[in-house]
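Colleague:
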Amino acid sequence: MRAFTVLLFLALSGKPAAAQVFLGVEAGPDSFFKNDGAKLDALSDDAFAWALSAQISSTTLYSVFESTAGEKEILKHLRHGLYRQELITLILISEKTAVPFSKLALELDREGSLRLLAKKYGADLPALFLEAADIKAVADAQTPLFLEPPVAEIRDSSSAFTAEIPGAAGKKP
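Under the working numbering, the very last position in the sequence shown is 484; numbers go up by exactly one each time.
1. Tell me the rounded alpha-carbon separation between Ala322 and Trp361.
2. Go ahead and label Gly381 buried or exposed: buried means 16 or more other beta carbons lie within 10 angstroms of its beta carbon, across all protein chains shown.
3. Return yes when the Cβ of Leu415 is within less than 8 angstroms of the Cβ of Leu401, no when it is not.
4. Name the residue from Ile385, Met312, Ser355, Gln366 whose alpha carbon lies nearest to the alpha carbon of Pro455.
5. Please determine, among Ile404, Arg313, Ile367, Ala358, the residue with the shortest C-alpha to C-alpha distance to Ala438.
6. Does the beta-carbon of Phe320 have 16 or more other beta-carbons within 10 angstroms, so that it is buried, or is it exposed?
7. If you draw a straight line from the alpha carbon of Asp451 to that of Ser413, how long is it in whole angstroms?
8. Consult DSSP for Leu458 and reduce its assignment to one of helix, strand or coil.
9. Can you name, in chain order, every residue of its own chain whose Cβ lies under 7 angstroms from the Cβ of Ala434, other than the five neighbours on each side?
10. In whole angstroms, what is the alpha-carbon distance linking Glu397 and Ile385?
11. Taking only the alpha-carbon atoms, compute the straight-line gap between Glu422 and Lys431 and give it to the nearest angstrom.
12. Looking at Ala429 and Leu436, is the spacing between their C-beta atoms short of 8 angstroms?
13. Considering Cα atoms alone, identify which of Leu393, Ala358, Leu363, Met312 is closest to Pro460.
14. Quick check on Ala362: does DSSP put it in helix, strand or coil?
15. Please determine, among Ile399, Ser424, Leu419, Leu427, the residue with the shortest C-alpha to C-alpha distance to Ala448.
16. Can you have a look at Phe315 and say buried or exposed, based on whether 16 or more other CB atoms are within 10 angstroms of its CB?
17. Tell me the rounded alpha-carbon separation between Lys383 and Asp420.
18. Run through the segment 387-459 for me and flag every whole beta strand (DSSP E) of 3 or more residues, listed as ranges in chain order.
Have a look at this one:
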């Protein structure tokens, strides 16, 4: 009994290992009871690019990007680091001033602000920014429509079933 008490005391008084790293994967007693359903990725850049290209006319996208694949151009610039509203504002500046989007994107990297860029081309930035906010709100609301449907969970699968063949019970082939 005395040895058990000493071992119990040592086990309870130990500190966690300093080199222990949490890898994001763990199993505990509640691992099998959690009911975390599949969640939609509402921030998907792909879905937003499709939703935005549905909001802006194809004529505008073609004239701005000089390409027939506007959603690919939108996605390319989103992945390059442009924010969504900043991207829409640049599209509007390009549409109003007839300056190619690629030139505006390069100048934005050099200038550093939309204000200087809009001032350089004589665009009304506050009005364009408000218009971009309206377009972004509609595109954000429609983004879930362009997401891939979630994969069905095993318990929700309708492919597992049993079939009974009438009249075949007990007969051997």
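Every residue gets a Cβ at the ideal spot worked out from N, C-alpha and C, and that includes glycine.
All of these numbers come straight from a predicted model, not from anything done at the bench.
Modeller: In brief:
1. As a position in the sequence shown, residue 322 is number 11, starting the count at 1. As a position in the sequence shown, residue 361 is number 50, starting the count at 1. The alpha-carbon atoms of Ala322 and Trp361 are separated by roughly 57 angstroms.
2. The residue given as residue 381 occupies position 70 in the sequence shown. It counts as buried.
3. Your numbering for residue 401 matches position 90 in the sequence shown. Your numbering for residue 415 matches position 104 in the sequence shown. Contact flag set, yes.
4. Here the question's residue 455 lines up with position 144 in the sequence shown. Closest by alpha carbon: Ser355.
5. Numbered from 1 along the sequence shown, position 127 holds the residue referred to as residue 438. That would be Ile404, whose Cα lies nearest to the Cα of Ala438.
6. As a first step, residue 320 is located in the sequence shown; it is residue number 9 there, counting from the start. Answer is exposed; the Cβ neighbour count stays below 16.
7. Walking along the sequence shown from the start, residue 451 turns up at place 140. Walking along the sequence shown from the start, residue 413 turns up at place 102. Their backbone Cα atoms lie some 24 angstroms apart in a straight line.
8. Mapped onto the sequence shown, residue 458 falls at position 147. Leu458: coil per DSSP, three-state reduction.
9. The residue labelled residue 434 in the question sits at position 123 within the sequence shown. Correct list, in chain order: Ile404, Lys407, Thr408.
10. Taking the sequence shown and counting its residues from 1, one reaches residue 397 at position 86. Taking the sequence shown and counting its residues from 1, one reaches residue 385 at position 74. Those two C-alpha atoms are separated by around 11 angstroms.
11. Working through the sequence shown from its first residue, we reach residue 422 at position 111. Working through the sequence shown from its first residue, we reach residue 431 at position 120. Roughly 10 angstroms separates the two Cα atoms.
12. Here residue 436 is taken as the residue at index 125 of the sequence shown, counted from 1. Here residue 429 is taken as the residue at index 118 of the sequence shown, counted from 1. In contact: Leu436 and Ala429 (Cβ atoms closer than 8 angstroms).
13. Within the sequence shown, numbered from 1, the residue matching residue 460 stands at position 149. Comparing Cα positions, the closest option is Ala358.
14. Taking the first residue of the sequence shown as 1, we reach residue 362 at position 51. Here Ala362 sits in helix by DSSP.
15. Your numbering for residue 448 matches position 137 in the sequence shown. It is Ile399 whose Cα lies nearest to the Cα of Ala448.
16. Here residue 315 refers to the residue found at position 4 of the sequence shown. Phe315 comes out exposed.
17. Residue mapping note: residue 383 aligns to position 72 of the sequence shown, counting from 1. Residue mapping note: residue 420 aligns to position 109 of the sequence shown, counting from 1. Whole-angstrom Cα-Cα distance: 20 angstroms.
18. none
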